[in-house]
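Here is the structure we will look at.
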Amino acid sequence: MEKMGECSEFRGWEELIPDALGLIFRNLSLQEILTVVPRVCKAWRRAVSGPYCWQEIDIEEWSQRCKPEHLDRMLQMLITRSCNSFRRLCVSGLPNDSIFSFIADHAVSLQTLELPRSEISDSIVEHVAPKLSNITFLDVSYCKKIGARALEAFGKHCKSLVGLRRRMHPLEVADKVCQDDEAQAIARTMPKLRHLEMAYHLLTTSGVLEILSRCKDLEYLDVRGCWDVKLDDKILKERHSSLKVLGPHIVDCYEKSFWDDDDTPSYSDSSLYSWDFMEDGIDVYEGESDDDNVWDDEQGLEGLEVRFYGGGLNFEFAGFDWPPSP
Numbered sequence: 001m002e003k004m005g006e007c008s009e010f011r012g013w014e015e016l017i018p019d020a021l022g023l024i025f026r027n028l029s030l031q032e033i034l035t036v037v038p039r040v041c042k043a044w045r046r047a048v049s050g051p052y053c054w055q056e057i058d059i060e061e062w063s064q065r066c067k068p069e070h071l072d073r074m075l076q077m078l079i080t081r082s083c084n085s086f087r088r089l090c091v092s093g094l095p096n097d098s099i100f101s102f103i104a105d106h107a108v109s110l111q112t113l114e115l116p117r118s119e120i121s122d123s124i125v126e127h128v129a130p131k132l133s134n135i136t137f138l139d140v141s142y143c144k145k146i147g148a149r150a151l152e153a154f155g156k157h158c159k160s161l162v163g164l165r166r167r168m169h170p171l172e173v174a175d176k177v178c179q180d181d182e183a184q185a186i187a188r189t190m191p192k193l194r195h196l197e198m199a200y201h202l203l204t205t206s207g208v209l210e211i212l213s214r215c216k217d218l219e220y221l222d223v224r225g226c227w228d229v230k231l232d233d234k235i236l237k238e239r240h241s242s243l244k245v246l247g248p249h250i251v252d253c254y255e256k257s258f259w260d261d262d263d264t265p266s267y268s269d270s271s272l273y274s275w276d277f278m279e280d281g282i283d284v285y286e287g288e289s290d291d292d293n294v295w296d297d298e299q300g301l302e303g304l305e306v307r308f309y310g311g312g313l314n315f316e317f318a319g320f321d322w323p324p325s326p
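With full-length UniProt numbering applied, the sequence shown covers 1 to 326.
In structure tokens, the structure reads:
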């Protein structure tokens, strides 16, 4: 009996169910999940090829450096692997409307959508917003092609939206006169907001007050760099006692937003991975049957290179994200 007890304490990792493996692999970096884990054993290979590892898809750092065509193919592969079960998507710089439409077509479980710097338009947002009805947090910062029309579409169809991040860069709004139309769209259609970031928008006091009058659950408001906004501290304390306001002056007293996730994977290794093991068509497992082939979704990925960079300053985008996130 003692020997049986000892044996039961040491179970092979390959015996873990895919759901458990998925939870474990989420703590690994993206390059490890895509290039190292699949080579360990068949069970691990199947786990990373299924939906278990892709409930949250965070490729923001990688997407800032990759080519647009590689970004499209990576998103298509990971979303397909998720079997429409991904709940969070974080990616920077969507290159066109078509890939955004693809995301929306598979977003039945999506709750958190972060698309900073994306080249999406008002018209595509109006078209696909009904498919994004489960979203609770949205980041469309630095998306310079969208405006009040897109925000209104998001608000009308995303009834559960409680967080909106819509920062801009000062240089991108230099040619605009006023962006109160965006504030009005938010006030009209997003009454449940608790967290709102509008840094460096050309807003007026009137526009912000309209948001405050309609978004009564608001707990956090970022209006840094909105120089025409003048808020009376006394009135804010009397009427919105639970509201934290950052700005309009640049004082980074909140270094971390409560929406930020400590569990976001970090990319610590600087390396270049070419997917030769897929390009060659060579199975790394001898004797594996065709039925065990789990790489069907990589067809057409020949030549795709996955670049990973260190966690230091991203000089290509230095200044673009200024000021730092709260």
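From the three backbone atoms N, C-alpha and C, an ideal C-beta is built for every residue, glycine too.
Pick out whichever of the options has its Cα sitting closest to the Cα of residue i.
i    : options                  : result
I99  : H70, L236 and V36        : H70
H201 : I33, D228 and R87        : D228
F154 : P68, A129 and N134       : A129
N134 : I235, R88 and S121       : R88
L113 : P68, T80 and L161        : L161
Q111 : P38, R65 and G163        : G163
E61  : S92, F102 and G207       : S92
K159 : L132, L171 and S123      : L132
Q179 : R65, L30, F137 and R149  : R149
C226 : K144, F86 and R166       : R166
V108 : H157, T205, F86 and D122 : F86
E119 : P68, C215 and A47        : P68
L171 : S49, D72, C143 and S206  : C143
K145 : P95, R26 and S82         : P95
F102 : R224, E219 and D72       : D72
M77  : S49, G207 and L243       : S49
Apply the 10 Å Cβ neighbour rule to residue i and answer buried if 16 or more other Cβ atoms are within range, or exposed otherwise.
i           : result
residue 351 : What is shown of the chain runs 1 to 326, which leaves residue 351 out entirely.
D139        : buried
I59         : buried
L21         : buried
H195        : buried
L246        : buried
S241        : exposed
N293        : Because N293 carries a pLDDT of 39, less than 50, the predicted location of this residue cannot be relied on, and no value is offered for it.
I79         : buried
V40         : exposed
C66         : buried
D222        : buried
I186        : buried
A174        : exposed
H249        : exposed
Any idea which residues DSSP pairs residue i with across the strands?
i    : result
C90  : D58 and E114
E197 : R165 and D222
F102 : DSSP output for F102 lists no bridge partner at all.
L246 : D222
L138 : L113 and L164
Taking only heavy atoms of the ligand COA into account, decide whether any of them is closer than 8 Å to the Cβ of residue i.
i   : result
C66 : No copy of the ligand COA occurs in the structure displayed, which carries no ligand at all.
Using DSSP with H/G/I as helix, E/B as strand and the rest coil, what is residue i?
i           : result
E126        : helix
E255        : Because the pLDDT of E255 is 43, which lies under 50, any placement of that residue in the model is unreliable, and the number read from its coordinates should be weighed accordingly. Looking at E255 - three-state DSSP - the assignment turns out to be coil, as it is neither helix nor strand.
residue 341 : Outside the shown range of the chain (1 to 326) lies residue 341, about which nothing can therefore be said.
G163        : strand
K156        : helix
H70         : helix
Q64         : coil
L28         : coil
E119        : coil
A43         : helix
S85         : coil
D175        : coil
G207        : helix
C53         : helix
S213        : helix
P38         : helix
K192        : coil
A107        : coil
P95         : coil
E288        : Residue placement at E288 is poorly supported in this model, since its pLDDT is 41, which falls under 50; the coordinates still yield a value, given next. In this structure, E288 counts as coil in the three-state DSSP scheme.
L202        : coil
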